[in-house]
Amino acid sequence: MYFFFGGFIFSSYLCSVNMDSEQKALELGQKPVGRLLWQYALPAIVAMTASSLYNIIDRASIGQVVGADAINGLTVTFPFMNLSGAFGAAVGVGASTCISVKLGQRDYETAEHLLGNTVTLNLIVGFLFMAVCMIFLDPILYFFGASDVTLPYAREFMEVILAGNMITHLYFGMNAVLRACGKPRHAMYATLFTVLMNIILVVCFVWWFKWGIRGAALATIISQTMALCWQMWIFSDKRELLHLKRGIYRLKAVLVKNIISIGVSPFLMNATACVIVIFMNRQFREYGGDMAVGAYGIANTWGMLFFMFVIGINQGMQPIAGYNFGAKKYDRLMRCLNLAIISASGVMIFGWLLAMLFPDTMARVLTHDPEQIRLSSIGIRINMLLFPIIGFQAVVTNFFQCIGRVKISIFLSLSRQLLFLLPLIFVLPLIWELDGLWASLPASDGIAALVAFFVMWKYMREFRVAKT
């Protein structure tokens, strides 16, 4: 009798946990949108900002302890990181968006199979990317803008990063799924843990043990591995609405197609960023040498710190927009969009003010070399010149991805980098040399924001007509 009563209590507990998980998904269509966006975006903002701060601390450690050549070599690896992120985003963002829509439709079985397919795809893509890049590492790094001086530093860093690439892909993929499943705080905790552990290990490996740039890479992989173990433990809990179990890992063509069709937008955005950074590195090396390459890396690092806020807002918007679009609650969908645009614009204006007032201080955090400080200060100001309008463009691009308008999202993703920035980085230096290369960054920002405005205006007209 006690066994029966205990079993009844335990079964009731499992049901209540499942109901709680389902309620977290249903609240996306019920709670006030402003409160929801704050609830989902804040953990993502904290996580993304902490991650960006880690990158600053990581680069500061390398720049201050190892030297200017090391920070220049690290900049050469940016295209690798963008390309790896492109493949990871194709799976992680695509899967999380599909899961959000399926939860909005209350199709929990398909959502669970999407979870399993996410794990399998991340492992396959991560392994293939690692294998190909390891084989051709030196030629790729030279193509990315490395010189004989910076190549050893770039190679040391990437050998470790590529060795743990499967872990990195799965870690970011699981974090995206956590947010889609109504667990933004868990995603934040995973990222915060990774960042804090990274900082501790960087201090140990770089400052104390003097392992140099390889130590920084090793700190990244170890911290991601520890966070991934916790993520997998969460998804192994059978009390969760979506959890890992047998029968969901086998790839299904229709699910993979849906994941990739949505993930192709962030993939192309990151892949295009990779191409742009390659050409930027090569152009900076041609017009200013390795020091200019390092200055671009420093300016880009600070720019990404504020852009991470916008990415966090977009990540918070994604499950809300995806769910309400799937549930056909269009008023809530548009309110979510408007609040995201206002929030993103406010953040970028704040970043712009800091860049205009304190560029020297920002540069000194990452390097002690006087020439690199001078070049970086110029770059920080020019790179962030039109930041007040970038938030709008980024949110609108993500909005079309959230509602499954893949072609529009792809166009907006590619417009700034491929259609505008790529030609400008070759044309403007012919007129103003190094200054022209820097100027290509805000020029492309301005054009892309205008395009996003007109595309959104056209869509809103069609949307209002469809509603009536």
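Taking our numbering, the leading residue of the sequence shown gets 49, the next gets one more, and so forth. C-beta atoms are modelled at their ideal positions from N, C-alpha and C, and glycine is treated no differently.
Going by C-alpha positions, F357 is about 5 Å away from I93. Under the DSSP assignment, G140 falls in the alpha helix (DSSP H) whose first and last residues are 126–152. By a beta-carbon distance limit of 8 Å, T97 contacts G360. Their separation comes to about 7 Å. Between the alpha carbons of P471 and F435 lies a distance of about 21 Å. By the criterion of at least three beta-carbon pairs nearer than 8 Å, the stretch 314–324 is in contact with the stretch 126–133.
If only uninterrupted beta strand (DSSP E) runs of at least 3 residues are considered, none is enclosed by the stretch 434–513. P232 places its beta carbon 8 Å or farther from that of Q449. Each of G77, R203, L401 was checked against the Cα of I430, and the nearest Cα belongs to L401.
Within the same chain, M178, C181, M182 come within 6 Å of L210 by CB-CB distance, once the 5 residues on both sides are set aside.
Closest in C-alpha terms to M245, from the list F205, L151, M274, W350, comes M274.
Under the DSSP assignment, Y297 falls outside any alpha helix (DSSP H); it carries neither an H nor an E label.
If you draw a straight line from the Cα of A375 to the Cα of I397, it comes to about 34 Å. G345 and V304 have their C-alpha atoms spaced approximately 35 Å apart. In the DSSP assignment, M432 falls outside any alpha helix (DSSP H), carrying neither H nor E.
With contact defined as three or more Cβ pairs closer than 8 Å, the stretch 326–337 and the stretch 411–420 are not in contact. Between G133 and N348, the beta carbon gap of about 14 Å keeps them out of contact (Cβ cut-off 8 Å). Here F175 is exposed. Its C-beta has fewer than 16 other C-beta atoms within 10 Å. At the C-beta level, L171 and C229 stay beyond 8 Å of one another. Here L185 has R203, M206, E207, L210 as same chain residues with Cβ atoms under 8 Å from its own Cβ, once five neighbours each way along the sequence are excluded.
One alpha carbon belongs to I247, the other to A267, and they sit about 8 Å apart. Between the stretch 102–121 and the stretch 292–308, the count of C-beta pairs closer than 8 Å stays below three; the two stretches do not touch. L316 sits buried, since 16 or more C-beta atoms from the chains shown fall within 10 Å of its C-beta.
Annotation: K455 to T445 spans about 11 Å, alpha carbon to alpha carbon. Taking the C-beta atoms as reference points, G152 is found nearer than 8 Å to G77. K305 sits in a helix when the DSSP states are folded into three classes. Counting only the Cα atoms, P200 lies some 45 Å from I368. Put simply, of V173, A143, D155 the residue whose alpha carbon is nearest the alpha carbon of L162 is A143. For R380, the enclosing alpha helix (DSSP H) covers residues 378–405.
Here DSSP, grouped into helix, strand and coil, assigns R287 to coil. Nearest neighbour of L460 by Cα position, chosen from F502, W480, P477, turns out to be F502. S492 and G484 have their C-alpha atoms roughly 12 Å apart.
For the pair Y297 and G164, the CB atoms are nearer than the 8 Å cut-off.
By the criterion of a C-beta distance shorter than 8 Å, G427 is surrounded in its chain by A343, Y344, I346, A347, W486, once the five residues flanking it on both sides are discounted. Bounds of the alpha helix (DSSP H) holding A159 are 156–183.
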